[in-house]
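In my numbering, the protein residues as written are 1243 to 1318. Yeah, the Cβ is synthetic: ideal placement off N, Cα and C, and Gly gets one too. None of these values were measured; they are calculated from a predicted model. Take a look at the structure set out below.
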């Protein structure tokens, strides 16, 4: 999915689901960075849980993925 379509989908999903629990499987950090809780998996194992900011600090795998997809300004 291209970035524009991804952004449109996220906006509509947020509007339609309200306060419901939503599980999203994503490859792009931008898709999930505003989630209340992100679960990071590597080779079938949970390697991190938390918000985007928490994971940037405490989960090396998440940080590596995020830094490969986003600029330093976006990571801040």
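Taking only heavy atoms of the ligand SAM into account, decide whether any of them is closer than 7 Å to the Cβ of residue i.
i, result
"residue 1290", "This structure lacks the ligand SAM, and indeed carries no ligand of any kind."
Given that a residue counts as buried once 16 or more other Cβ atoms are within 10 Å of its Cβ, and exposed if not, what is residue i?
i, result
"residue 1297", "buried"
"residue 1308", "buried"
"residue 1264", "exposed"
"residue 1243", "exposed"
"residue 1271", "buried"
Could you round the C-beta distance between residue i and residue j to whole angstroms and report it? I think they count as a contact, below 8 Å.
i, j, result
"residue 1290", "residue 1300", "7 Å"
At which residue ranges does the segment 1272–1297 contain complete beta strand (DSSP E) runs of 3 or more residues, listed in the order of the chain? Entirely contained in the segment 1272–1297, the beta strand (DSSP E) runs reaching 3 residues are, in chain order, 1280–1284 and 1287–1292.
The segment 1266–1285 in contact with the segment 1300–1307 per 3-pair CB rule at 8 Å: Yes, the segment 1266–1285 touches the segment 1300–1307.
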